Each structure stands twice: as structure tokens, then as C-alpha cells.
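**Q** This is the structure I want to talk about, given as C-alpha cells.
Residue numbers (the numbering used here), protein chains in the order written: chain X, 1 to 116; chain B, 1 to 112.
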């Protein structure tokens, strides 16, 4: 069974540009979450999508947005890139059905974004 | 591989010893507490979780302890092996969503 796939693995962008990152969840998983990881701030929650609806959003500016498609694949977009957006962006999927009980989140390897 | 964290607390243990990694949390409303392991160049990997109404849960070579009185979570790894070297994160989960709030992480180094 294929794991969570994130593309691209590495990306270099210039300040002011915009970027789109892609995440393909494990087959059958309907929940996709995004996290930003930096040495200074650690792992921070960006947003969560379930059945094409944003269910939760972290404390990030509006430049960060995302969406989920009917096949559960998700993209996140960052507009007007700043140097501080340089980070590892991680996507996680789970078989979360919206009910009670913990379900394991499976993470991809991430996309390393460098803004210059 | 990617740099996971440059200023993480580090725990160094000898191969074969037991390791204890600690985590303090702030939100009493968390439903689950979860431990993740992140190796260099990889995403976090689920190790074990514990529901908020429990105080201990055991897995293979790992035990998680939850002390709600002092809002403290710990991960015990028995007979630590070189392959256990990684950064370990605790995380809190709320309700029926997948939103995780992560702790700062601890780097575990295992030496022979």
C-alpha cells in the first residue's frame, strides 16, 4: 500500500512568488492535514481537510490556503512568499471518519521549500 | 537529510539502556496524546497513543505514561537501540478531528 506522497520534494522560490504543493493521501483516507516545520517554531498545524471541506485552520496568515479534491488529494498554496516561509511542509492523511476515537495520522516525507 | 531542529533538548543513552522522554502539555481538554518519531529526512511516524482517561499504555518496547494532575506525558523506551535515534515529539489531539498540536521535540542519541 503506497504511503502519503508529497510533490515536489524540494523547491526553491523567490520572495514575492507563489507556490503550490501537492499531497496524495493513502488510498481510502479522507482526511488530510498540513503542517509547517521549522527549527525555530517546530511543527505547526496549518489546516485540515475532510471530504473536500476545511475542518480546521491554524494560526497562519491568509497567504496560506489549501483545498481538497474529490479523490482526497490536497494542495496547499502560499502566495507572496516571504523568507520566513522557508520550511519543511508536511502532509498527513488518516482514515478519520469523523467519529470518536483516535486514528493514526500517516505523514509524507514533506516538501522542503526554500525562499530566497 | 533535512534539519529537524537545531535547538532541541538532547537525551543521550547507551545502547541497551532504557530511555525516558518527557513532555509537558497545556490543554486539559485534549482527548488523545500521541508520540511521534521523526528520523532525518522523513516525516513523523506514529509510535503510540493514549486516551486522556487512561494513565498508562504499553506497546512493543514502549510505554506511555500520562499524569493529568501535573499535565505531564512520558515515553519510555526499553532496551534502546541505535535505530531508536531520532527526534521524538509528543502531540495532543482534540475531538474527532486530525488537528495535532505538537510539542517542541527531544533528540534521542543512542551510542554503543
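Beta carbons are placed, not taken as given, at the ideal position from N, Cα and C, and that holds for glycine. For clarity, every value in this text was computed on a predicted model and none was experimentally measured.
With 16 other CB atoms within 10 Å as the buried threshold, where does residue 15 of chain B fall?
**A** Along the second chain, one-based indexing puts residue 15 of chain B at 15. Exposed is the call here.
**Q** Given a threshold of 16 other Cβ atoms within 10 Å of its Cβ, counted over all protein chains shown, does residue 55 of chain B qualify as buried or as exposed?
**A** Taking the second chain and counting its residues from 1, the one referred to as residue 55 of chain B is at position 55. Exposed is the call here.
**Q** Hey, could you find the ends of the beta strand (DSSP E) residue 36 of chain B is sitting in?
**A** In the second chain, counting from the first residue as 1, residue 36 of chain B sits at position 36. Segment 32-38, the beta strand (DSSP E) holding residue 36 of chain B.
**Q** Could you give the distance in angstroms between the alpha-carbon of residue 12 of chain X and the alpha-carbon of residue 116 of chain X?
**A** By 1-based counting over the first chain, the position of residue 12 of chain X is 12. By 1-based counting over the first chain, the position of residue 116 of chain X is 116. Their backbone Cα atoms lie some 7 Å apart in a straight line.
**Q** If you measure between the beta carbons of residue 107 of chain X and residue 92 of chain X, is that distance less than 8 Å?
**A** The sequence position of residue 107 of chain X within the first chain is 107, counting from 1. The sequence position of residue 92 of chain X within the first chain is 92, counting from 1. Yes. Within cutoff.
**Q** Check this for me: beta carbons of residue 114 of chain B and residue 36 of chain B, under 8 Å apart or not?
**A** One cannot answer for residue 114 of chain B here, as it falls past the ends of chain B, which runs 1 to 112.
**Q** With 7 Å as the limit, tell me which residues of the stretch 53-84 of chain B have their beta carbon closer than that to any beta carbon of chain X; keep them in chain order.
**A** From the stretch 53-84 of chain B, no residue has a Cβ closer than 7 Å to chain X.
**Q** Buried or exposed: residue 21 of chain B, going by 16 or more other Cβ atoms within 10 Å of its Cβ?
**A** On the second chain, residue 21 of chain B is found 21 positions in, with the first residue counted as 1. Result: buried.
**Q** Assess, as a yes-or-no matter, whether the stretch 14-25 of chain X is touched by the stretch 73-85 of chain X under the definition of 3 or more beta carbon pairs within less than 8 Å.
**A** Segments in contact, yes.
**Q** Taking the beta strand (DSSP E) that residue 66 of chain B falls in, what are its first and last residues?
**A** The count along the second chain starts at 1 and reaches residue 66 of chain B at position 66. It spans 62-67 - the beta strand (DSSP E) in which residue 66 of chain B sits, taken as one unbroken run.
**Q** Can you tell me the Cα-Cα spacing of residue 73 of chain X and residue 17 of chain B, whole angstroms?
**A** The residue labelled residue 73 of chain X in the question sits at position 73 within the first chain. The residue labelled residue 17 of chain B in the question sits at position 17 within the second chain. Cα to Cα, the separation comes out at about 43 Å.
**Q** Is the beta carbon of residue 104 of chain B sitting closer than 8 Å to the one on residue 42 of chain X?
**A** On the second chain, position 104 is the one that residue 104 of chain B refers to. On the first chain, position 42 is the one that residue 42 of chain X refers to. Yes.
**Q** With residue 48 of chain X and residue 33 of chain X assumed to form a contact (beta carbons below 8 Å), what rounded beta-carbon distance in angstroms separates them?
**A** Position 48 of the first chain, counted from the first residue, corresponds to residue 48 of chain X. Position 33 of the first chain, counted from the first residue, corresponds to residue 33 of chain X. Confirmed, about 4 Å.
**Q** State the Cα-Cα distance for the pair residue 1 of chain B and residue 38 of chain X, rounded to the nearest angstrom.
**A** By 1-based counting over the second chain, the position of residue 1 of chain B is 1. By 1-based counting over the first chain, the position of residue 38 of chain X is 38. Because the pLDDT at residue 1 of chain B is just 34, under 50, the model does not fix this residue reliably, and the value given afterwards should be weighed accordingly. Approximately 14 Å between the Cα atoms of the pair.
**Q** Do we get a CB-CB distance below 8 Å when we pair residue 99 of chain B with the residues of chain X?
**A** Residue 99 of chain B sits at position 99 when you count from the first residue of the second chain. So, interface residue.
**Q** Leaving aside the five residues before and after residue 57 of chain B along the sequence, list all residues of the same chain whose C-beta is less than 6 Å from its C-beta, in chain order.
**A** If you number the second chain from 1, residue 57 of chain B lands on position 57. 50, 64, listed in sequence order.
**Q** Where does residue 49 of chain B fall in DSSP's three states?
**A** Counting from 1 along the second chain, the entry for residue 49 of chain B is found at position 49. Residue state, collapsed to three classes: strand.
**Q** Among B:29, B:80, B:99, B:59, which has the Cα closest to the Cα of residue 58 of chain X?
**A** Position 58 of the first chain, counting from 1, holds the residue named residue 58 of chain X. Of the listed residues, the one whose Cα sits closest to residue 58 of chain X is B:99.
**Q** Please report whether the beta-carbon of residue 105 of chain B lies at a distance below 8 Å from any beta-carbon of chain X.
**A** Position 105 of the second chain, counted from the first residue, corresponds to residue 105 of chain B. Interface residue, yes.
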